[in-house]
Structures are given as structure tokens and as C-alpha cells.
Amino acid sequence: MVRRPRIFLSHSSSKCTVESGCQCRRYLESLESHLKDSGFDPVVDRAFLNGGDEWHQEVLKEIMTSHGMVILISPHALVSHYVLEEAIVATARKVASEDAFLILPVLLPGVRRSHLADSGLKKLNLGRFDMVDWSAKAGPAKPPPKIAASLLPLAERLGAVPYPEVTAFVAGRMSDVPSVVLEEAATVLGVPTLAHATDHSRHRVAQGLLTERPVRGPGDACPMRVALKGLLPQVRQATERADIVDVVVPYARVPKTDAERLRGVALGAGERVALLPAELGETPDMYVRRASETPEPWTVCRPGPRLDVPGYVEGIVADIRALLIEEFYLDSGCGDDELSGELARHEAESGPFTVVLRQPPDARLVDALLTHFPRLLFLFAHPGAEAAGRVRLEGMTPGQERDMVRTHRQFMARSADRRDCR
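Residue numbers for the sequence shown, in my numbering: 4 to 425.
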């Protein structure tokens with residue numbers, strides 16, 4: 004999933020006419036096209052304001068759902084009440100978002116920095132932000148490259164990473180981490196950052212932590228482990244430290260190709276059955292976590308394994324039904340239609356409900372499960388998981404599997420006590 008950052012364009016061009024010779028509107032249109040080509044989603048008032056709309060309410064809604072604002076400061080804008088109002092809302096949005104919302108003033112021809120001090124925008128102290136000068140020599144056809152470069156942190160955070168929601172989730176858990184520690188982690192992970200841009204650094208470090216980093220087995224050096232050792236002691240809340248570990252380890256260790264295959268089975272229209280050759284009980288959970296690609300993983304239930312004895316298939320079906328009834332707080336006598344409705348709603352809201360079975364995929368069992376629960380995702384996790392016609396994941400070597408589970412256990416234990424992280 005890739006999102007294009009929404010950039011609100013604040014401007015004043017209502018007085019710009021062909022007769023006056025003013026080119027403000029040309030600069031606006033050129034910037035709008037430039038941002039689209041650079042991977043952004045520019046938001047301009049003419050696209051959402053209709054005759055009779057309440058200006059303040061509509062503009063406020065658009066700014067609050069944007070990721071940043073470019074303020075085109077023309078001679079008109081210096082005395083525009085609307086530009087002032089929009090800039091005030093943007094400043095409040097920046098404070099509320101802990102500086103995640105980006106504000107970029109762009110000075111158009113005819114305006115100098117000194118003009119701001121005598122304008123209606125004086126109270127905003129726009130000089131504290133990095134500014135861009137768009138010279139008359141360049142003309143409206145050539146937007147300064149610095150505009151796209153200044154918006155780069157937003158593009159990287161939201162539009163140029165494969166898992167923007169998960170990346171933002173991990174970055175948010177690192178809000179306590181000092182910039183110097185973030186830079187050290189970035190160096191270890193081999194990801195570039197922008198100096199003095201802490202929010203950007205958090206997202207780049209999060210992206211580095213979520214990068215697949217396979218090892219041969221326990222004992223192999225790993226930048227992810229080194230980075231976590233430095234980062235976790237700086238995170239105040241134990242729950243946030245655990246959140247980081249619980250997401251990062253599966254993303255760094257579960258093979259991306261396996262995760263994509265499992266995700267394809269889960270979200271496809273065919274039979275939802277996947278086989279995973281695995282020895283350890285935590286392994287299927289980490290595969291599901293990695294395949295979910297959301298901050299909140301798909302719900303997993305694990306019916307107890309049953310021996311291959313008469314009635315064992317019926318017993319597993321009954322166990323799964325009981326688990327579903329308990330999960331959805333249903334009456335034990337609920338009908339199949341009610342249960343199916345709850346499953347459909349759950350899938351729409353939270354992704355496919357997943358059943359992990361730590362036993363071989365017996366053909367009779369698989370047929371029964373698909374008959375009774377066609378929209379559940381069944382993941383058979385067993386060293387001998389083989390079945391003709393079923394999707395079988397490659398899995399890991401025993402050493403790689405042990406490394407992943409051991410790494411997860413070690414850092415989860417350390418996360419429980421901040422002192423142990425040091």
C-alpha cells in the first residue's frame with residue numbers, strides 16, 4: 004500500500020487577472036502540476052469549494068486531513084485574510100501533530116522576507132520555518148527543486164515506503180528517543196536521515212528496522228538487534244517497547260516472499276489454506292503478523308491438536324466453532340447465518356480471521372473445515388506440512404526459525420523491564 008501525501012496549497016489569486024499582468028495563478032497551477040509529478044496529492048480550494056459552501060468549515064476539514072501545507076506568499080497573500088486564517092490553522096495542526104505536519108512558505112516574485120514583518124502575516128512569525136524563494140528569473144514554469152526536496156520527509160514517510168501504516172506505528176512508539184540515539188540507530192541500520200529533522204529520522208529508522216534482514220542462524224550478527232539494543236532503553240513505556248519488538252522481529256526475519264504468498268491466500272477469492280513447515284509454536288503467529296501489514300495483526304485462534312482417532316475431525320470443527328462464538332460474544336445456540344455475518348463484518352473491519360493448526364493437513368480435515376468455515380484462513384504449521392494442491396510456504400531453516408523466535412523472546416523479556424534493555 005502506498006499513500007500520496009496530501010499537500011494543502013494556500014494562496015491568494017482572486018485578484019489575479021490577465022489584464023493586470025499578475026501571474027500568481029500561473030505559479031499556483033505550475034506548483035500543483037509539479038507536486039503531482041513528484042508523488043504528492045495537492046489540495047487546492049477550487050477543487051473542493053462550491054458556490055454556497057461555508058469557507059471556514061470546508062477549508063478546516065481539508066487542512067486537518069492533509070499532511071502539510073505550502074503557503075504561496077504573493078503580494079496579494081500579504082494582505083489576504085484567507086491566507087492568514089489558513090496559516091493559523093496549519094500552525095495549530097503542526098503543534099497538535101508534534102511537528103509531523105509540515106509547513107513550507109514559498110516567496111513568489113515581488114515579495115521579500117523583510118515584507119513579512121509589515122504584513123498581515125507578521126503575527127505568525129513565518130521566518131522560523133525554512134523558506135523557498137521562487138525567483139522571477141525562473142518564472143512560473145520552473146518550480147524551485149527545493150520545494151520537492153523540503154517535502155521529501157513526507158514522501159518517504161507516507162508514499163515511498165511499502166508499509167506506511169506499520170512504519171508510522173513503529174515511529175510513533177519511538178517518540179521518546181533522543182535525536183542522537185536515532186542517528187546512531189540510523190547509522191547501524193544503514194539508512195540516511197536529514198539533519199535536525201527528528202520526525203523524519205524516526206520514520207527512516209522505523210523503515211530500517213522493518214527491512215528484511217535474514218541470518219543463517221543464532222549467533223549471526225544483525226544490525227536490527229544492535230539498533231534495538233540502543234533504542235529500547237530510551238522508550239519510556241513497557242507496552243510501547245513491546246509493540247516495537249512484536250512488529251520489528253517478524254518483519255526483519257519472515258521471508259517477504261512467504262509473507263506475500265500468505266497474504267495472497269488470505270485476501271484471495273479461492274480456498275484459504277496455507278501450509279507452513281515450522282517447528283516452534285510462535286512461528287505461525289509471526290508469519291501472520293508479517294502478512295497482515297497493519298499495526299493491528301489479523302486475529303488468530305489456535306484450537307488444540309487432536310489425535311487421528313474416530314471423530315477427531317468433528318471435534319476440531321466443534322472446537323473452532325466454540326472459539327468463534329467466544330470471540331464474538333455470541334450465544335452458544337447461534338445459527339450459521341449469524342456466525343457468518345459476524346465473520347464477514349470482522350473481516351471487513353480487521354482482516355481475515357486466522358486459525359492456526361499445529362498438525363498435518365489431513366485431506367478429510369481440510370475438506371471439512373472449508374465446508375463449515377469457507378471464509379476463515381487456515382494455516383497448518385507443522386514440520387511435515389504437505390498436501391497436494393495446497394499453497395506451501397518455503398519456511399525457514401531450523402537455525403533461522405530458532406533465531407527469530409529466540410530474538411523475539413529475548414527482546415520481549417527485556418522490554419518488560421527498562422533496566423534490562425540497557
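Backbone N, C-alpha and C define an ideal beta-carbon position, used for all residues, glycine too.
Given residue i as reference, the closest of the options once Cα atoms are compared
i, options, result
"P313", "E263, R367, L270 and L326", "R367"
"L127", "A99, E317, D223 and V86", "V86"
"S100", "L38, S178 and P143", "S178"
"P78", "V62, D102, E61 and V114", "V114"
"T201", "T242, E168 and P156", "P156"
"L342", "A321, D311 and F331", "F331"
"D420", "A272, S13, Q237 and G307", "Q237"
"A2", "K125, A151 and P112", "Absent from the model: residue 2. The displayed extent of the chain is 4 to 425, so no value can be given."
"A224", "D136, R7, V191 and H84", "V191"
"R264", "A241, L283 and V291", "V291"
"V369", "A294, D136, V98 and E389", "E389"
"S41", "T410, M227 and A151", "A151"
"P167", "G222, R7, V316 and M134", "R7"
"Q240", "M415, L38 and D48", "M415"
"F356", "E299, R409 and A391", "E299"
"L231", "A262, V180, G220 and P221", "V180"
"G392", "P364, L380 and H411", "P364"
"V408", "D136, L380 and M289", "M289"
"K39", "P165, D133, L124 and L154", "L154"
"V184", "L382, D334, V229 and S122", "V229"
CA-to-CA distance, residue j to residue i, given in whole angstroms
i, j, result
"I66", "A95", "10 Å"
"R207", "T302", "28 Å"
"E186", "Q26", "43 Å"
"N53", "D44", "Residue confidence is low: N53 scores 47 on pLDDT, short of 50, so the model does not pin down where it sits. Its coordinate-derived value is still stated next. So the two alpha carbons sit approximately 20 Å from each other."
"R417", "P217", "22 Å"
"C304", "G354", "14 Å"
"G55", "Y30", "Low local confidence applies: a pLDDT of 44 at G55 is under 50, so the model's placement there is unreliable, with the coordinate-based value given in what follows. G55 and Y30: Cα-Cα distance of roughly 27 Å."
"T286", "L129", "52 Å"
"P143", "R28", "9 Å"
"L346", "P306", "17 Å"
"E296", "G267", "12 Å"
"P386", "Q362", "9 Å"
"R405", "L283", "8 Å"
"Y315", "V98", "59 Å"
"D309", "G336", "Asp is not the amino acid found at residue 309; the sequence shown has Arg there. Taking the straight line from one Cα to the other gives about 24 Å."
"K145", "S36", "11 Å"
"L452", "S182", "Any answer about residue 452 is impossible in this case: the structure gives the chain only from 4 up to 425."
"F11", "A294", "33 Å"
"V252", "V62", "42 Å"
"A322", "L372", "The question names Ala, yet the displayed sequence has Asp at residue 322. Straight-line Cα distance between these residues: approximately 11 Å."
"F51", "V359", "Note that F51 has pLDDT 46, beneath the 50 cutoff, so the model's placement of it is unreliable and no number is given."
"A120", "V46", "28 Å"
"E88", "S33", "24 Å"
"A103", "H349", "31 Å"
"W137", "T196", "26 Å"
"G344", "I328", "12 Å"
"P221", "G193", "22 Å"
"R412", "L382", "22 Å"
"L215", "Y254", "It should be pointed out that residue 215 corresponds to Glu in this sequence rather than to Leu. When rounded, the distance between both Cα atoms is 6 Å."
According to DSSP, residues forming a beta bridge with residue i
i, result
"T357", "V303 and L380"
"L12", "V73"
"V183", "None, per the DSSP bridge assignment."
"L322", "Inspection of the sequence shows that residue 322 is occupied by Asp rather than by Leu. None, per the DSSP bridge assignment."
"D44", "R9"
"V248", "For V248, which the question treats as bridged, DSSP gives no partner whatsoever."
"V135", "V109"
"L327", "BP columns for L327 are empty, so no partner."
"R395", "L278"
Per-residue burial, residue i [other beta carbons within 10 Å of its own, 16 or more giving buried]
i, result
"R116", "exposed"
"I76", "buried"
"R9", "buried"
"I91", "exposed"
"S204", "buried"
"L270", "exposed"
"S15", "buried"
"V82", "exposed"
"D340", "exposed"
"H84", "exposed"
"A141", "exposed"
"L213", "buried"
"A351", "exposed"
"A80", "buried"
"T410", "buried"
"A325", "exposed"
Cβ of residue i within 8 Å of any chain C Cβ
i, result
"L373", "Annotation note: the requested chain C is absent from the structure, which comprises a single protein chain."
Check your understanding: Would you say the region 103 to 117 touches the region 60 to 71, given that touching needs at least three Cβ pairs under 8 Å?
Key -> Because the criterion of three Cβ pairs below 8 Å is met, the region 103 to 117 and the region 60 to 71 touch.
Check your understanding: Using 8 Å as the Cβ pair cut-off and three pairs as the minimum, do the region 371 to 380 and the region 401 to 414 touch?
Key -> No, the region 371 to 380 does not touch the region 401 to 414.
Check your understanding: For the region 165 to 177 against the region 209 to 227, are there 3 or more C-beta pairs whose distance is under 8 Å?
Key -> Three or more beta-carbon pairs drawn from the region 165 to 177 and the region 209 to 227 are found closer than 8 Å, and the two stretches are therefore classed as touching.
Review point. Are three or more beta carbon pairs between the region 268 to 277 and the region 229 to 246 nearer than 8 Å?
Key: In short, these stretches do not touch, since the Cβ pair count stays below three.
Check your understanding: Are the region 388 to 397 and the region 254 to 268 in contact at 8 Å, needing three or more beta carbon pairs?
Key -> The answer is yes - the region 254 to 268 touches the region 388 to 397, with three or more Cβ pairs under 8 Å.
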